[in-house]
Amino acid sequence: IEVYQTQRADECFIDVDCPAQCTCHGTVVDCRHWIIILSYRNDTKLQIFMASTVVMDGDNNKGLTEVPGEIPHFATELYLNRNRISIVSAASGLSKLRNLLKLDLSFNNIIAVEEGSLADMKSLRDLLTSALYRNLSHNKLRHFFSAVLGSSNILEVLQIGGNDLPCDCQVLPLVEWMRANATRTVEAGQCTRPAEMLGKNLDDLKKENMKCSDIVQSACAGNGDYCPVGCTCQDTVVRCSNKVSHS
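As structure tokens, this is what we get:
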């Protein structure tokens, strides 16, 4: 069914052009930053050079630092991996990509995903058979808002391994979301701290295991989400007036 839904989508009216930093083919938008290195093998008998391997690697000093402002709304796959994106903001417009089936944000410098920025990515054609894949692995995430995923009932795969998620009260929203969505595939990785939790799988944690010090506990809002120390949080509004924030 999916093939019939998307196979000619690129022939339809294009609402925006392909972002300058990306390439677009059909319904796939590729914004990965790669350096292509050709490794050659010298064939002395034929005295010619032949390409033997192609190694693709990202350059940490280049690439996107934020999600491109306008992604074609017909996109079904969006690759933003191997860039230098640090924050996925609600203003990025990702949530408007309602045809999106696959989103890859792995291998960036992501430290924060704003509430609602990845929510409500629902296919308007067939909600029952659409699959959604989200990859946030190998970033610098330390806090996770369950509201980031919204109430989407089509999310099938979530990858967040390789982050520095502490196995304490700050990761409780994620663990509770995983419990409530046990039928979905979640690759959450292992605990990196505190010391007594090192090496344990996030999906094996229990609420009574995820305790915080008084300092960290003061940063947890009443609903279990994270609020910076010294700030007040109400819904999606964070007020830190006349405060100095230390990361």
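The numbering used here puts the first residue of the sequence shown at 32, with every later residue one more than the last.
Where is the CB? At the ideal position from N, CA and C, for every residue including glycine.
Practice problem: Look up glutamate 218 in the DSSP assignment and say whether it is helix, strand or coil. | Solution: As a first step, residue 218 is located in the sequence shown; it is residue number 187 there, counting from the start. Reduced to three states, the DSSP call for glutamate 218 is strand.
Quiz item: In this structure, does DSSP put lysine 127 in helix, strand or coil?
Solution: Residue mapping note: residue 127 aligns to position 96 of the sequence shown, counting from 1. Note: lysine 127 maps to helix in three-state DSSP.
Quiz item: In the structure shown, what three-state DSSP assignment does alanine 143 receive?
Solution: By one-based count along the sequence shown, residue 143 stands at place 112. Of the three classes helix, strand and coil, the one that applies to alanine 143 here is strand, per DSSP.
Quiz item: With C-beta atoms as the reference, is leucine 149 less than 8 Å away from leucine 125?
Solution: Position 118 of the sequence shown, counted from the start, is the residue given in the question as residue 149. Position 94 of the sequence shown, counted from the start, is the residue given in the question as residue 125. Going by C-beta atoms, leucine 149 is nearer than 8 Å to leucine 125.
Quiz item: How many whole angstroms separate the CB atoms of arginine 113 and histidine 64, which I take to be in contact at a CB cut-off of 8 Å?
Solution: Residue mapping note: residue 113 aligns to position 82 of the sequence shown, counting from 1. Residue mapping note: residue 64 aligns to position 33 of the sequence shown, counting from 1. With 8 Å as the limit, arginine 113 and histidine 64 qualify as a contact, their Cβ atoms being about 5 Å apart.
Quiz item: When you compare only the Cα positions, how much space is there between cysteine 49 and histidine 169?
Solution: Here residue 49 refers to the residue found at position 18 of the sequence shown. Here residue 169 refers to the residue found at position 138 of the sequence shown. Distance between the alpha carbons of cysteine 49 and histidine 169 is about 27 Å.
Quiz item: From proline 204 to leucine 136, what does the alpha carbon distance come to, in whole angstroms?
Solution: Position 173 of the sequence shown, counted from the start, is the residue given in the question as residue 204. Position 105 of the sequence shown, counted from the start, is the residue given in the question as residue 136. When rounded, the distance between both Cα atoms is 21 Å.
Quiz prompt | Euclidean distance between Cα positions of valine 98 and leucine 167 | solution = Position 67 of the sequence shown holds residue 98. Position 136 of the sequence shown holds residue 167. Going by the C-alpha atoms only, they are around 14 Å apart.
Quiz item: Are leucine 172 and valine 206 close, meaning C-beta to C-beta below 8 Å?
Solution: Position 141 of the sequence shown, counted from the start, is the residue given in the question as residue 172. Position 175 of the sequence shown, counted from the start, is the residue given in the question as residue 206. Not in contact: leucine 172 and valine 206 (Cβ atoms no closer than 8 Å).
Quiz item: So glutamate 97 is in the alpha helix (DSSP H); what residue range does that whole segment cover?
Solution: Start at 1 with the first residue of the sequence shown, and residue 97 comes out as number 66. Note, glutamate 97: premise wrong, no alpha helix (DSSP H); not H, not E.
Quiz item: From methionine 209 to valine 188, what distance separates their C-alpha atoms?
Solution: One-based indexing of the sequence shown puts residue 209 at position 178. One-based indexing of the sequence shown puts residue 188 at position 157. Computed Cα separation, rounded: 11 Å.
Quiz prompt | Backbone CA spacing between isoleucine 116 and aspartate 199 [nearest angstrom] | solution = Here residue 116 refers to the residue found at position 85 of the sequence shown. Here residue 199 refers to the residue found at position 168 of the sequence shown. Computed Cα separation, rounded: 26 Å.
Self-check item: Member of Asn232, Arg215 and Ala211 whose CA lies at the smallest distance from the CA of glutamine 221
Solution: One-based indexing of the sequence shown puts residue 221 at position 190. Measuring from the Cα of glutamine 221, the nearest candidate turns out to be Asn232.
Quiz item: For alanine 106, which option in Ala213, Ala211, Ala219 and Cys53 has the closest C-alpha, if you only look at C-alpha atoms?
Solution: Your numbering for residue 106 matches position 75 in the sequence shown. The shortest Cα separation from alanine 106 among Ala213, Ala211, Ala219 and Cys53 belongs to Cys53.
Quiz item: Between alanine 226 and glycine 192, which are expected to be in contact by the criterion C-beta below 8 Å, what is the C-beta distance as a whole number of angstroms?
Solution: Counted from its first residue, the sequence shown places residue 226 at position 195. Counted from its first residue, the sequence shown places residue 192 at position 161. Not really, about 20 Å apart at Cβ, beyond 8 Å.
Quiz item: Cα separation between leucine 196 and leucine 109?
Solution: As a working note, residue 196 is residue 165 in the sequence shown. As a working note, residue 109 is residue 78 in the sequence shown. Distance between the alpha carbons of leucine 196 and leucine 109 is about 25 Å.
Quiz prompt | Distance, alanine 143 Cα to threonine 223 Cα | solution = Reading the sequence shown from its first residue, position 192 is the one you call residue 223. Reading the sequence shown from its first residue, position 112 is the one you call residue 143. If you take the alpha carbons of threonine 223 and alanine 143, they lie about 18 Å apart.
Exercise. May I ask you to report which of helix, strand or coil DSSP gives leucine 233?
Key: If you number the sequence shown from 1, residue 233 lands on position 202. Leucine 233: helix per DSSP, three-state reduction.
Quiz item: If you run the structure through DSSP and keep just helix, strand and coil, what is asparagine 166?
Solution: In the sequence shown, residue 166 corresponds to position 135, counting from 1. Here asparagine 166 sits in strand by DSSP.
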